[in-house]
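**Q**
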Ligand code: C2G
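Numbering (the working numbering), first residue to last: 15 to 142.
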């Protein structure tokens with residue numbers, strides 16, 4: 015069975031995240047690296063749900079084999095080697111950004127789920 019990895023914040027876990035993880039689980043055994051709060055600060059992303067809860071929610075997803083912290087941009091190559099990853103997959107909002115990983119594994123960008131995003135949810139929540 016192939017080993018698949020993806021990375022993300024997964025804040026306010028929603029159907030776009032679930033669709034992606036479902037698709038990835040159909041490709042093989044899925045490892046998800048969840049961005050820590052400190053790493054997200056570096057991305058300029060403020061999260062609503064703290065890291066400890068975001069990683070537990072991802073771990074609770076039936077499509078996920080294991081979840082690990084994502085704490086740096088540089089860890090991907092080491093993760094690919096540590097977990098014997100065959101394919102790195104991420105949404106196409108990152109199209110081309112991780113092509114350098116092709117030296118280590120297959121790199122796939124998948125279309126995002128339209129009509130849903132954490133940013134939209136935050137806006138909708140702020141209206142209450
Ligand atoms: N996603 C999706 N459809 C949406 C929203 C998100 O397919 N409607 C995908 C994104 O493309 C990404 C994953 O869900 O592959 C997680 O999205 P985010 O939590 O926004 O991830 P991001 O903050 O972009 O972190 O090192 C890579 C970064 O950590 C990615």
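Beta carbons: idealized from backbone N, C-alpha and C, even for Gly.
(1) Please list, in chain order, all residues of the same chain as residue 107 whose beta carbon is under 7 Å from its beta carbon, the five residues on each side excluded.
(2) Which ranges does the beta strand (DSSP E) cover as unbroken runs of at least 3 residues, wholly within the segment 59–94, from first to last along the chain?
(3) Cβ atoms of residue 90 and residue 112: under 9 Å apart, would you say?
(4) Quick one: what does DSSP say residue 131 is sitting in, helix, strand or coil?
(5) Assign residue 35 to one of two classes, buried (16 or more other C-beta atoms within 10 Å of its C-beta) or exposed (fewer than that).
(6) With the cut-off set at 9 Å, would you say residue 47 and residue 84 are in Cβ contact?
(7) Are the beta-carbon atoms belonging to residue 61 and residue 44 less than 9 Å from one another?
(8) Would you say residue 53 touches ligand 1, meaning its beta carbon is less than 8 Å from a heavy atom?
(9) Give the secondary structure of residue 141 by DSSP, where H, G and I count as helix, E and B as strand, and everything else as coil.
(10) With a Cβ-Cβ cutoff of 9 Å, do residue 14 and residue 72 count as a contact?
(11) Does the separation of the CB atoms of residue 41 and residue 59 fall below 9 Å?
**A** If we stick to the structure as given:
(1) Counting from 1 along the chain shown, the entry for residue 107 is found at position 93. If we look at residue 107 and ignore the five residues flanking it on each side, its Cβ neighbours are 126.
(2) 80–84
(3) Residue numbering aside, residue 112 sits at position 98 when the chain shown is read from its first letter. Residue numbering aside, residue 90 sits at position 76 when the chain shown is read from its first letter. Cβ distance < 9 Å, so residue 112 and residue 90 count as in contact.
(4) Here residue 131 refers to the residue found at position 117 when the chain shown is read from its first residue. Residue 131: coil per DSSP, three-state reduction.
(5) Numbered from 1 along the chain shown, position 21 holds the residue referred to as residue 35. Residue 35 comes out buried.
(6) For this step, residue 47 is matched to residue 33 along the chain shown. For this step, residue 84 is matched to residue 70 along the chain shown. Cβ atoms of residue 47 and residue 84: closer than 9 Å.
(7) As a working note, residue 61 is residue 47 in the chain shown. As a working note, residue 44 is residue 30 in the chain shown. No.
(8) Along the chain shown, one-based indexing puts residue 53 at 39. At a threshold of 8 Å, residue 53 counts as near ligand 1, since its beta carbon sits closer than that to one of the ligand's heavy atoms.
(9) Within the chain shown, residue 141 is the residue found at index 127, counting from 1. Note: residue 141 maps to coil in three-state DSSP.
(10) Since the first residue of the chain shown is 15 and the last is 142, residue 14 is not available in this structure.
(11) Locating residue 41 in the chain shown gives position 27, where the first residue counts as 1. Locating residue 59 in the chain shown gives position 45, where the first residue counts as 1. Cβ atoms of residue 41 and residue 59: not closer than 9 Å.
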